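Protein sequences appear in the order of chains W and L. Note that full-length UniProt numbering numbers the first sequence so that position 77 is 77, with each residue one more than the last. Note that full-length UniProt numbering numbers the second sequence so that position 29 is 29, with each residue one more than the last. For each residue, glycine too, the CB sits at the ideal point set by N, CA and C. Values in this document were obtained by computation on a predicted structure and should not be read as measured data.
There are 2 protein chains.
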Amino acid sequence: MDTKSLIIDIATSLFQQNGYKGTGLSEILKACNISKGSLYHHFPNGKEELLITCLQSLNAAITTDIKEIFERHSTTQEATNAMIEKLIVNFEKEGTLAGYTFSSIVSEMASLSDPVRNACAQLYNNIQDIYFNKLVVDGFSEDNAFSIALMLTASIEGGMLLCLTQKSAEPLKGISKLLPKML
Amino acid sequence: MDTKSLIIDIATSLFQQNGYKGTGLSEILKACNISKGSLYHHFPNGKEELLITCLQSLNAAITTDIKEIFERHSTTQEATNAMIEKLIVNFEKEGTLAGYTFSSIVSEMASLSDPVRNACAQLYNNIQDIYFNKLVVDGFSEDNAFSIALMLTASIEGGMLLCLTQKSAEPLKGISKLLPKML
DNA sequence: AGTAAAAAACAGACCGGTTGGTATGGTGGA
DNA sequence: TCCACCATACCAACCGGTCTGTTTTTTACT
């Protein structure tokens, strides 16, 4: 793996775990085992440029991950349940939901940096789009599909937040059980 | 107003706006127009103690706010709609949802400090309890009431996150429209 | 009531450590 | 020889926290 990709991969997970301000450059450098000169060679505009690149990389990763799940299951409900199940398994095994959420960055940076905010917005949009398209195929009207896709995005993101605060996967499990009523 | 309350009030809104790591002590001191000695007199254990105190104060404020709304409306649906409406008005007027959410602190600190995480968990619990009790009065079974209360908490919190990233109140509006189907 | 001692509240200098960022110089391959 | 790539020394600014000293308020006693 080339140095730039290495930086992006490691920085992404550090940002997810500790947030933007919570992740120091030195921490990234040590984890990558590279020097400051190397980082600033690949990201001349510094930390924020790195963050945005990470968000884009994360965007691609999450999007393809979800897409794959949604292609494997015939209905939105099955796909959503499978997706949440994957979240739960990951959470109970790893004790973290980093890798699937980036809410810390949103709430940290949304009001401070428009480029970062836009990168996050695009990520949510992509996820919501996947839901939306599947719902339309399922036979929902575009209006309904849009509403439900929004609700899915919000409740899953909120559910992850609750899981983190409670150190328990119960919130996501409860949401998963309630989804059939919505679909 | 005594100094301690002043510190708590100002620090609370700063923490909500910029997160925990994003808020420097110096910033708090300047905003309060006090000295470091004064702050450390009232909060001898420093920044984290201050944060937890702020979360408890926020807990009381949000809880009584929501309680008041839920007492003024006869059904959960009406109350929820009124509450979201208030969020939307505030967001479109102030451009921020600080004051109603603290997701930045959750996602920043949940994995780093158990006391902070517990303070946040308690806050979510209190909110969810208000929903739950009203739902039971509405005639839902305890099981259903619990599920729906969870869903409300998650989707509203997620909705706020989406509003922040999109700089638009649309997500919360959409969620508000979809609530009748759930209740 | 008057006063002195004690406690609470506040101010600000100072500390070691870290932050993100820059400037310069070296190295290896095309 | 040139240039992408990397290493290192250095910087001012800031971080949270400690320290000592001063002011203000409360308490206790005559």
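Interface partners of residue i on chain W, CB under 9 Å
i              : result
residue 24(L)  : Residues of chain W passing the Cβ test: none, with the nearest at roughly 10 Å.
residue 121(L) : 162, 165, 166 and 167
residue 86(L)  : The premise fails here: residue 86(L) is roughly 18 Å from chain W at the closest Cβ pair, so nothing lies under 9 Å.
residue 83(L)  : Correct list: empty, because the minimum Cβ distance to chain W is about 15 Å.
Own chain residues within Cβ distance below 8 Å of residue i, not counting five before or after
i              : result
residue 69(L)  : 79, 82, 83 and 86
residue 146(W) : 132
residue 16(W)  : 58, 98, 99, 101, 102, 104 and 105
residue 35(L)  : 29
residue 43(L)  : 7, 49, 50 and 53
Cβ-Cβ separation, residue j to residue i (assumed contact under 8 Å), whole Å
i              : j              : result
residue 23(W)  : residue 14(W)  : 5 Å
residue 179(W) : residue 77(W)  : 6 Å
residue 110(L) : residue 3(W)   : Between residue 3(W) and residue 110(L) the Cβ distance is about 32 Å, and since that is not below 8 Å, they are no contact.
residue 175(L) : residue 151(W) : 6 Å
residue 148(L) : residue 182(L) : 6 Å
residue 7(L)   : residue 39(L)  : 6 Å
residue 158(W) : residue 158(L) : 3 Å
Contact set between residue i and chain L, taken where Cβ atoms lie within less than 7 Å
i              : result
residue 56(W)  : The premise fails here: residue 56(W) is roughly 15 Å from chain L at the closest Cβ pair, so nothing lies under 7 Å.
residue 147(W) : 174, 177 and 178
residue 106(W) : 161, 164 and 165
residue 190(W) : No statement about residue 190(W) is possible, as the shown extent of chain W runs from 1 to 183 and does not include it.
Neighbour list for residue i in chain L, Cβ cutoff strictly below 9 Å
i              : result
residue 62(W)  : Neighbours of residue 62(W) on chain L: none; closest Cβ ~14 Å, over 9 Å.
residue 117(W) : 164, 165, 166 and 167
Nonlocal neighbours in the same chain, by C-beta distance under 7 Å from residue i, ignoring five residues either side
i              : result
residue 142(L) : 136
residue 73(W)  : 79 and 82
residue 113(W) : 48
residue 18(W)  : none
Partner residues on chain W for residue i, Cβ-Cβ distance less than 8 Å
i              : result
residue 151(L) : 155, 174, 175 and 178
Simplified DSSP assignment, three categories, for residue i
i              : result
residue 110(W) : coil
residue 169(L) : coil
residue 101(W) : strand
residue 183(L) : coil
residue 37(L)  : helix
residue 95(L)  : coil
residue 64(W)  : helix
residue 3(W)   : helix
residue 15(L)  : helix
residue 75(W)  : coil
residue 80(W)  : helix
residue 174(L) : helix
residue 153(L) : helix
residue 132(W) : helix
residue 21(L)  : coil
residue 44(L)  : coil
Beta-carbon proximity list for residue i, same chain, < 6 Å, skipping 5 on both sides
i              : result
residue 10(W)  : 31 and 32
residue 123(L) : 59
residue 160(W) : 97 and 101
residue 63(L)  : 126
residue 117(L) : 110
residue 119(L) : 52 and 55
Best match in the options for proximity to residue i [C-alpha to C-alpha]
i              : options                           : result
residue 53(L)  : 5(L), 157(L), 156(L) and 99(L)    : 5(L)
residue 107(L) : 102(W), 129(W) and 111(W)         : 102(W)
residue 55(L)  : 99(L), 177(L) and 91(L)           : 99(L)
residue 21(L)  : 42(L), 50(L), 43(L) and 36(L)     : 50(L)
residue 168(W) : 35(W), 7(W) and 91(W)             : 91(W)
residue 47(W)  : 148(W), 26(W) and 94(W)           : 26(W)
residue 95(W)  : 157(W), 163(W) and 116(W)         : 163(W)
residue 61(W)  : 157(W), 44(W), 12(W) and 177(W)   : 12(W)
residue 153(W) : 144(W), 128(W), 119(W) and 134(W) : 128(W)
residue 75(W)  : 139(W), 45(W), 93(W) and 43(W)    : 139(W)
residue 67(L)  : 130(L), 93(L) and 121(L)          : 130(L)
residue 177(L) : 170(W), 177(W) and 144(W)         : 144(W)
Proximal residues of chain L, C-beta to C-beta of residue i below 8 Å
i              : result
residue 96(W)  : 111
residue 17(W)  : 111
residue 158(W) : 153, 154, 155, 156, 157, 158, 159 and 161
Residues that residue i contacts on chain W, provided the C-beta gap is smaller than 7 Å
i              : result
residue 99(L)  : Those do not exist, as residue 99(L) stays about 13 Å from chain W at its closest Cβ, beyond 7 Å.
residue 124(L) : 162 and 165
residue 21(L)  : 19, 21 and 22
Any non-hydrogen atom of the ligand SAM closer than 8 Å to residue i Cβ
i             : result
residue 12(W) : Ligands in the displayed structure: none, and consequently the ligand SAM is not present.
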